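Heads up, the working numbering is the position in the sequence shown plus 193, with the first residue counted as 1. Quick reminder that beta carbons are idealized off the backbone N, C-alpha and C, glycines included. If you're wondering where the values come from, they're calculated on a predicted model, not measured in any experiment. Below: one structure, written as C-alpha cells.
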Amino acid sequence: MESSNIEAHRRNALYLLSAVSMIFMTLAVAVQPLFLRNVLEISFEQAGAINASVQVVTEILDLFVVGYLGWLSDRIGRVRIIVFGFVVAALGALLAPASPWLGAGGALAVYYLSRILMSLGTGAVWPQLSALAGDFSDGGGRTGLLSNTLFMMAFGVTLVYAVLMQVTPHIGILGTMALTAAIALAGAWSANAFLTDVGPRTTDRSVPWRRVYDLVRGESELRLAFAGSLFARSDMVFVGLFLMLWFVYFADLKGVGQERAAAQAGLLIGSMGGVVLLSIPFWRIFIERHGRVQALASGMLLSALGFIMFGFVVDPFSEFILLPAVLVSVGQAGALLAPQILTIDHAPRELRGSVLGAFNVTGGLGIIFFVQIGGLLFDFVGPPAPFVFSGLGNLVVTVYALKMLRSRRKRGLEAEASV
C-alpha cells in the first residue's frame with residue numbers, strides 16, 4: 194500500500210506510540226540502578242552482575258514470544274498485540290514498586306518478575322510498531338517513514354533522560370516508577386483508538402521458521418541486517434544501563450548524592466539522544482543517496498570508535514566523556530535505521546511480521562550475550578570495559594559490511610568488463 198493512502202492521523206499515532214514505547218522501556222531501565230541501590234540495597238560489588246542479569250533474564254524470556262508474536266501479527270494483525278502488550282507492561286510497572294513489601298525476603302525475585310512482565314509487554318509492542326511502519330510504507334517512501342519513526346523513538350529516549358529523570362529527586366524513585374505504569378496505560382488507549390491494520394494476512398498455521406531461514410540464508414543483505422541487529426540493539430541497552438551504573442556507583446567517590454548522579458547521567462544520555470535526533474535527517478539523506486549497506490557500515494564504524502574511546506575515560510563526570518558519547522550517538526542512528534530498512538525491503542509482505550520477529554530475536558540474543566558479559570566486565574575489570582567490548586563487536590560487523598561492498602563492486606566491474 195502506498196504510504197500516501199494512510200490517513201495522516203494514523204501515521205501520527207504510529208510516531209507518537211513509537212515515542213511512548215521507548216519512554217516506557219527507557220524509564221524502566223534508567224530507574225533500575227537507583228531502585229536496586231537505594232530501595233533493595235544492592236551493594237556495589239554485585240551491582241553490575243545483578244543489573245545485567247535482570248536485563249538478560251527478561252531478554253531470554255522475550256526470545257520465546259517475540260518470534261511467535263511476529264507470526265501471530267501476520268495472522269491476526271498488529272494492533273491487538275500492541276494494545277495487549279502495553280497492558281501487560283503496565284501491570285509489571287505497577288508490581289515493581291511494591292516488590293519490597295510483596296516479596297518479604299524475596300523482594301529481588303518479585304522485582305525480577307515485574308521486569309519480566311514489563312519486558313514481555315514491550316516485546317509485544319515495539320516490534321509490531323516497526324512492522325506496522327513497513328505496512329504503512331512502500332519502497333520509495335520507506336526510508337522517510339522509518340526515519341521519522343526512529344526519530345520519535347530517539348525523542349522518547351531523550352525525553353526520559355533530559356526531563357523525566359531530572360524530576361526523580363523531586364517525586365522520588367517510587368513516584369517515577371508509578372509514572373512508568375501510567376505511560377503504558379496511555380499507550381494502550383492510544384493504540385486502540387488510533388492505529389489500524391493494513392497488511393495482508395498469512396494463512397500459515399504454524400510459525401514459518403523454515404521459510405524465514407531459507408530467505409535469510411539466500412539474501413546476503415538480510416544476513417548483514419541480522420548481524421547489525423545482533424550488535425546494534427545491545428548498544429542501546431549498554432548506553433542506558435552501564436552509563437547509569439557508572440555514574441551511580443562512582444557518586445560516592447565524587448561525594449555526589451546518588452539521585453543527583455543519576456540525574457547527571459540522565460543529562461549525558463539525554464544529550465546523546467539529542468545527537469541521535471539531529472543525526473537522523475543526515476542518515477536519511479545518506480541512505481537515499483548511497484544505500485543501506487553503506488549506511489550500516491558507516492554507522493557501525495562510528496559507534497565502534499566511540500565505544501572504544503570510552504576505555505580511556507577515568508572519571509565519568511569529566512568533560513572528556515562527551516567525545517565518545519557523540520561518536521556513539523551519531524553511529525547508533527545509522528546502525529539502527531539501516532538494518533531495519535534492509536529487513537523490511539527484503540521481507541515478503543505476508544511474512545513481514547515473521548521476518549521481523551526473527552530479526553528481533555537475533556537482537557535479543559545480542560543483548561543476552563553482550564549485556565551479561567558486560568556486567569561481568571563492569572564488576573571484574575572496570576566500568577569502561579563493557580563499552581570497549583561492544584566496540585570490538587561493532588568493528589566485526591563493519592568489516593563484514595565492507596567486504597560485502599567490495600564483493601558487490603567487484604561483481605559490478607566484472608559485469609561491465611563482460612559487456
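Can you name, in chain order, every residue of its own chain whose Cβ lies under 6 Å from the Cβ of Ser140, other than the five neighbours on each side? Here the chain has residues from 194 to 612 only, and residue 140 is not among them.
Please determine, among Ala347, Leu388 and Gly504, the residue with the shortest C-alpha to C-alpha distance to Pro517. It is Gly504.
So, helix, strand or coil for Arg394, using DSSP? Arg394: coil per DSSP, three-state reduction.
I'd like the span of the alpha helix (DSSP H) that includes Ser472, first residue to last. Boundaries of the alpha helix (DSSP H) around Ser472: Gln451 to His483.
Report yes if the C-beta distance between Val590 and Met502 is below 8 Å; otherwise report no. Contact: no.
So the candidates are Leu256, Arg203, His483 and Ala594; which of them puts its Cα closest to the Cα of Leu415? Nearest option by C-alpha distance: Ala594.
Classification of Ser197 by the beta-carbon crowding that lies within 10 angstroms, buried from 16 upward: Interpretation of Ser197 is limited by its pLDDT of 49, a score under 50 that renders its predicted location unreliable; the figure taken from the coordinates is listed afterwards. That one is exposed.
Look at the alpha carbon of Ile216 and the alpha carbon of Ala282, and state the distance between them as a whole number of angstroms. C-alpha separation (whole angstroms): 12 Å.
Classification of Glu195 by the beta-carbon crowding that lies within 10 angstroms, buried from 16 upward: With a pLDDT of 45 at Glu195, under the threshold of 50, the modelled position of that residue is not reliable, and the figure given next carries that caveat. Flag for Glu195 reads exposed.
Integer-rounded CB distance, given that Asp331 should sit under 8 Å from Gly392: Incorrect: roughly 12 Å between the Cβ atoms, too far for contact.
Since Ala221 and Met311 should fall inside the 8 Å C-beta cutoff, what is the C-beta to C-beta distance between them, to a whole number of angstroms? Separation of the CB atoms of Ala221 and Met311 is rounded to 5 Å, and the pair is thereby assigned contact status at 8 Å.
Opening and closing residue of the alpha helix (DSSP H) in which Arg273 lies: Here the alpha helix (DSSP H) through Arg273 covers Val272 to Leu288.
What whole-angstrom Cβ distance do Pro223 and Val353 have, given they're in contact under 8 Å? Correcting the residue identity first, residue 223 is Ala in this sequence and not Pro. By a beta-carbon distance limit of 8 Å, Ala223 contacts Val353. Their separation comes to about 6 Å.
Any idea what DSSP makes of Ser511, helix, strand or coil? Correct three-state label for Ser511: coil.
Check whether the segment 417-433 touches the segment 517-535, counting contact only when three or more Cβ pairs, one atom from each stretch, lie closer than 8 Å. Between the segment 417-433 and the segment 517-535 there are three or more inter-stretch CB-CB distances shorter than 8 Å, so the stretches are counted as touching.
Whose CA, out of Lys603, Pro579 and Ala418, lies closest to the CA of Leu549? Of the listed residues, the one whose Cα sits closest to Leu549 is Ala418.
Once you ignore the five residues that flank Tyr305 on each side, which residues in its own chain have a CB closer than 7 Å to its CB? Within the same chain, Tyr305 has close Cβ partners Val247 and Val250.
State yes or no: is the C-beta of Ile473 within less than 8 Å of the C-beta of Ser340? Between Ile473 and Ser340, the CB-CB gap stays under 8 Å.
Exposed or buried, what is Ala578 when buried is set at 16 or more other beta-carbons lying within 10 Å of its beta-carbon? Here Ala578 is buried. Its C-beta has 16 or more other C-beta atoms within 10 Å.
Just to confirm before moving on: does the CB-CB distance between Ala286 and Ala377 stay below 8 Å? Judged by their CB atoms, Ala286 and Ala377 are nearer to each other than the 8 Å cut-off.
Report all residues from its chain with a CB closer than 6 Å to the CB of Ile514; omit the five preceding and five following residues, and keep chain order. The answer, listed in chain order, is Val506.
Three-way DSSP call (helix, strand, coil) for Leu595 in this model: The answer is helix: DSSP assigns Leu595 an H, G or I state.
Which residue from Ser583, Leu210 and Pro320 puts its Cα closest to that of Asn553? Distance check between Asn553 and each of Ser583, Leu210 and Pro320 places Pro320 closest, using alpha-carbon atoms only.
CB of Leu388 within 8 Å of CB of Ala206, strictly: Yes, Cβ-Cβ distance for Leu388 and Ala206 is below 8 Å.
Could you work out which residue in Gln457, Ala355, Leu322 and Thr373 is closest to Asp390 when comparing CA atoms only? Looking at the Cα atoms, Leu322 is the closest of the given residues.
Straight-line Cα distance separating Val564 from Ala245: So the alpha carbons of these two residues sit roughly 6 Å apart.
By a C-beta neighbour count over all protein chains shown, 10 Å radius and 16 as the cutoff for buried, is Ser422 buried or exposed? In the assembly as shown, Ser422 is a buried residue. Its beta-carbon has 16 or more other beta-carbons within 10 Å.
Can you tell me which of the three DSSP states Glu414 falls into? Helix.
Our contact map puts Ala381 next to Val276 with C-beta atoms below 8 Å; I'd like the distance itself, whole angstroms only. Between Val276 and Ala381 the Cβ distance is about 5 Å, and since that is below 8 Å, they are a contact.
Should Ser491 be labelled buried (16 or more other beta-carbon atoms within 10 Å of its own) or exposed? Burial call: buried.
Please identify the residue among Leu598, Ile364 and Leu408 whose C-alpha is closest to the C-alpha of His483. Considering only alpha carbons, the answer is Leu598.
Measure the alpha-carbon distance for Phe510 versus Phe562 and round it to whole angstroms. A direct Cα-Cα distance of roughly 28 Å separates Phe510 from Phe562.
Drop a sphere of 10 angstroms on the beta-carbon of Arg308, count the other beta-carbons inside from all chains shown, and report buried for 16 or more, exposed for fewer. A residue is called buried when at least 16 other Cβ atoms come within 10 angstroms of its Cβ; Arg308 meets this threshold and is buried.
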